[in-house]
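Take a look at the structure below.
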Amino acid sequence: MKKTILALTIPALFATSASAVTVYSDEGNQVDIYGRVQYEAGERDYQSGGKAENFGGDGEARLGVNVKYMVNNDVDLIGKLEWAVVTEGDEESDGVDDGEGISSRYAWAGFRFMDTTDLTFGRVNSPYAQLTDYTDVLNIFGGAVAFGDELSTTDKVDDMVRLSYANNGLDLRAGYAFNDNDKIDGNTGEENRWNVSAGYTLPMGLGFGAAYEQISFLDAEDQDNWIVGVNYTLDGLYLAAIYTEREQDVAGGTNEAEGYELHAEYNVDAWKVLAQYSKEEYDAAGSTAEVDTIDAITLGVQYSLTAKAKLYGEYVISDAADEDDLYGVGIQYNF
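Take the sequence shown: its letters are residues -20 to -1, 1 to 315, numbered as in mature numbering (1 follows the signal peptide of the UniProt record, and there is no 0).
Next up, the structure:
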């Protein structure tokens, strides 16, 4: 997974790229452009039966635009578009579906009130992502428990109305998303989802939060997801831990998943070392035993060539039944 740690402020949620270039600025109105280019190679995913893929690589490029238009001293119009282009392979986790070369990662518009409250509409980061971002901070892997295995979730959601408030370390979010498939009679799959989250960061760098999500399906019972977490930042040190529970009623009982994830990283000069432990157990309805769907240690190293370019490598040691280890290396340039 590929993200940066988000500061708990509304401006940070809007300007996701520190290297964004302002192409227009006039009397409170602003347009920023940002992007990145990367290439990754290795055995980075699984074939059927837990067997690692053969060695291979994928290139990807992203381009984003942030827009702000001042209505008055208290209200701004804001918007964001970000596209991903994959040269080969499948980068579904980055918002590009298998077989498609280009797709929108973000596409939303809305309002900002008093520099503390955002009301947005479109494809956004869901409020649940406030907690998945605690451990979804590696370049290639990581965040496995945050998103789940058998009962999974996602951070980017289409057709969502999201309300966010952030001020003085407090971060509150709520969202509701409807599914386009529901517009046609007879469709199955997801009908809608809603989620809420709350977080607070102390001046000393200690943060904690919790989130809840309910996903409703047209052809199945609702899925409920809970997550709580804590993180700590001090100079070049970042520590985080999350705990998750998920459940869905089915014929014959309830499918349940429970997991936790621990992350540590340290940055000194141009180097960063990262380590993460992920553990999730799944109890299927009617089953007599739990199964370790996720049981892995991820180790990583990163070297910054410049403020905008880096090299990185990661290795996953999997203890889950019949799963091979994975590894990958990459180069990334941000602009």
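By construction, the Cβ of each residue, glycine as well, lies at the ideal position given by its N, Cα and C atoms. It should be emphasised that the depicted structure is a prediction, and the values quoted were computed from it without experimental measurement.
Worksheet item: Apart from the five residues on each side of it in sequence, which residues of its chain come closer than 7 Å, Cβ to Cβ, to Gly37?
Response: Tyr19, Glu20, Ala21.
Discussion item. Suppose the cutoff is 8 Å on Cβ atoms and the five residues either side in sequence are ignored; what does the same chain contact list for Tyr307 look like?
Written reply: Contacts found: Gly22, Glu23, Arg24, Gly293, Glu294, Tyr295, Val296.
Worksheet entry | Ser83 (DSSP reduced to helix, strand or coil) | Three-state result, Ser83: strand.
Item to complete: Tell me whether Ala64 is buried or exposed, calling it buried when 16 or more other Cβ atoms sit within 10 Å of its Cβ.
Response: By the neighbour-count rule (16 or more Cβ atoms within 10 Å), Ala64 is buried.
Worksheet item: Nearest-angstrom Cα distance between Ala301 and Lys259?
Response: Straight through space, the alpha carbons of Lys259 and Ala301 are spaced by roughly 13 Å.
Worksheet entry | Assigned exposure category for Val248 - 16 Cβ within 10 Å defines buried | It is exposed - the Cβ of Val248 has fewer than 16 other Cβ atoms within 10 Å.
Worksheet item: Nearest-angstrom Cα distance between Glu241 and Val137?
Response: Their Cα atoms are separated by approximately 23 Å.
Practice prompt. Could you check what DSSP says for residue 319 in three-state terms: helix, strand or coil?
Written response: There is simply no residue 319 to check, as the chain begins at -20 and stops at 315 in what is shown.
Discussion item. Assuming contact is defined by CB atoms lying nearer than 7 Å, are Ser(-2) and Phe315 in contact in what I supplied?
Written reply: The answer is yes: Cβ separation under 7 Å.
Worksheet entry | Endpoints, beta strand (DSSP E) assigned at Val234 | With the sequence shown as reference, residue 234 is identified as Thr, and Val is not the correct amino acid for it. Unbroken beta strand (DSSP E) run through Thr234: 233 to 248.
Worksheet item: Rounded to a whole number of angstroms, what is the C-alpha to C-alpha distance between Val51 and Gln27?
Response: Cα to Cα, the separation comes out at about 52 Å.
Discussion item. Spatial neighbours of Val1 within its chain, please: C-beta separation below 8 Å, excluding the five flanking residues on both sides.
Written reply: Taken in chain order, the residues that qualify are Asp12, Ile13, Tyr14, Phe315.
Practice prompt. Report, in whole angstroms, the separation of the C-beta atoms of residue 316 and Tyr283, which I expect to be a contact under 8 Å.
Written response: Nothing about residue 316 can be read from this structure; the chain reaches only from -20 to 315.
Worksheet item: Helix, strand or coil: which one does DSSP assign to Gly36?
Response: Gly36: strand per DSSP, three-state reduction.
Worksheet item: If you draw a straight line from the C-alpha of Phe35 to the C-alpha of Val309, how long is it?
Response: So the alpha carbons of these two residues sit roughly 11 Å apart.
Discussion item. What does DSSP give as the partner residue(s) for Thr97 in the beta ladder?
Written reply: Checking the DSSP bridge columns, you'll see Thr97 partnered with Phe93, Tyr145.
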